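Going by the working numbering, the first residue of the sequence shown is number 1217, and it counts up by one from there.
Don't be surprised by glycine CBs; every beta carbon is placed ideally from N, CA and C.
On a predicted model such as this, the values are computed, not experimentally measured, just so you know.
Structure first, commentary second.
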Amino acid sequence: MEAMRATWTDERLDDLRDEVVRQGGRIDAMGARIDAMGGRIDKLTHAIVVVGGSLLAAFIAFTAALLGLIITRL
């Protein structure tokens, strides 16, 4: 264990710190991409709700018209 500690020089610790900082930047960029994707998913969800609501309204109107035709023919 002592031999492992002896190999961590100041230069290696500086390199490790630089690598951690560099990876942190990549993680921040990935977070920004995920946030942008969340906005796109919200827009898609809205579109699905609008289309589904329109289809439901069309179905109800069609059913009402069909029932109206059936009732008037009796």
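Length of the line joining the Cα atoms of residue i and residue j
{"i": "R1289", "j": "D1258", "result": "47 Å"}
{"i": "A1263", "j": "G1241", "result": "34 Å"}
{"i": "R1228", "j": "E1235", "result": "10 Å"}
{"i": "R1249", "j": "L1282", "result": "49 Å"}
{"i": "I1286", "j": "G1268", "result": "27 Å"}
{"i": "F1278", "j": "V1265", "result": "20 Å"}
{"i": "A1274", "j": "G1284", "result": "15 Å"}
{"i": "L1260", "j": "L1272", "result": "18 Å"}
{"i": "G1255", "j": "I1243", "result": "19 Å"}
As assigned by DSSP and simplified to three states, the class of residue i
{"i": "T1279", "result": "helix"}
{"i": "T1225", "result": "coil"}
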